[in-house]
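In what follows, a structure is listed as structure tokens, so that the remarks can point back to it.
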């Protein structure tokens, strides 16, 4: 079954500055406040929510840029390890919101827009119910968490870079 791509409604605009502000708040210690900035974008429309997911996955990808090979060919795969043993684990052992975030990010980073769209459509399938809307919000906030982790790592790397420091 082919999924129909989400098309923006006429005049729809999604301000990426909100996402940037949310990430800045999070790395400065106010992750909850930053996340609250995203909720209206989640609730506004399917288009704005999908665009938000794409922006968050792109932010999460920023920390993966070192994976690009000289040929430009690379692929991101989802690898799960048990935090206690370090051994491979099943993605099925992760919470559903984390599974969505990881799979959506991998699809988006690998430029598999069809899969990213299908994952989003499955997550947003029953947003007319409270449980469905909660699943959607949880999935987007898991993406937000991945983007926060990447942003923090990038900021720390910049701080640790002696060429960037102004002592």
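Numbering (the numbering used here), first residue to last: 275 to 441.
All C-beta atoms, glycine included, are put in the ideal place defined by N, C-alpha and C.
Asked: Nearest-angstrom beta carbon gap, residue 333 and residue 424 [assumed within contact, 8 Å]; Found: 6 Å
Asked: Residue 319 in three-state terms, based on DSSP; Found: coil
Asked: Burial state of residue 431, where buried means 16 or more other Cβ atoms lie within 10 Å; Found: exposed
Asked: The region 380 to 391 / the region 289 to 301 touching (three or more Cβ pairs under 8 Å); Found: no
Asked: Straight-line Cα distance separating residue 418 from residue 410; Found: 12 Å
Asked: Between the CA atoms of residue 359 and residue 371 - distance to the nearest angstrom; Found: 23 Å
Asked: When 313, 375 and 404 are compared against residue 391, the one with the closest alpha-carbon; Found: 375
Asked: Chain-order list of residues whose beta-carbon lies under 7 Å from that of residue 407 (same chain, five-residue window excluded); Found: 401
Asked: Residue 309 beta carbon less than 8 Å from that of residue 415; Found: yes
Asked: Contacting residues, own chain, Cβ-Cβ under 8 Å from residue 290 (five flanking each side not counted); Found: 329
Asked: Nearest-angstrom Cα separation, counted from residue 395 out to residue 314; Found: 19 Å
Asked: Residue 378 and residue 421 closer than 8 Å at C-beta; Found: no
Asked: Pairwise C-alpha distance: residue 316 and residue 284; Found: Note that residue 284 has pLDDT 45, beneath the 50 cutoff, so the model's placement of it is unreliable and no number is given.
Asked: Contact belief for residue 443 with residue 292 at Cβ below 8 Å, rounded distance in angstroms; Found: Residue coverage of the chain in this structure runs from 275 to 441, which leaves residue 443 outside it and unanswerable.
Asked: N-terminal and C-terminal residue of the alpha helix (DSSP H) that residue 425 is part of; Found: 404 to 434
Asked: Alpha-carbon spacing of residue 364 relative to residue 327, whole angstroms; Found: 24 Å
Asked: Euclidean distance between Cα positions of residue 305 and residue 429; Found: 15 Å
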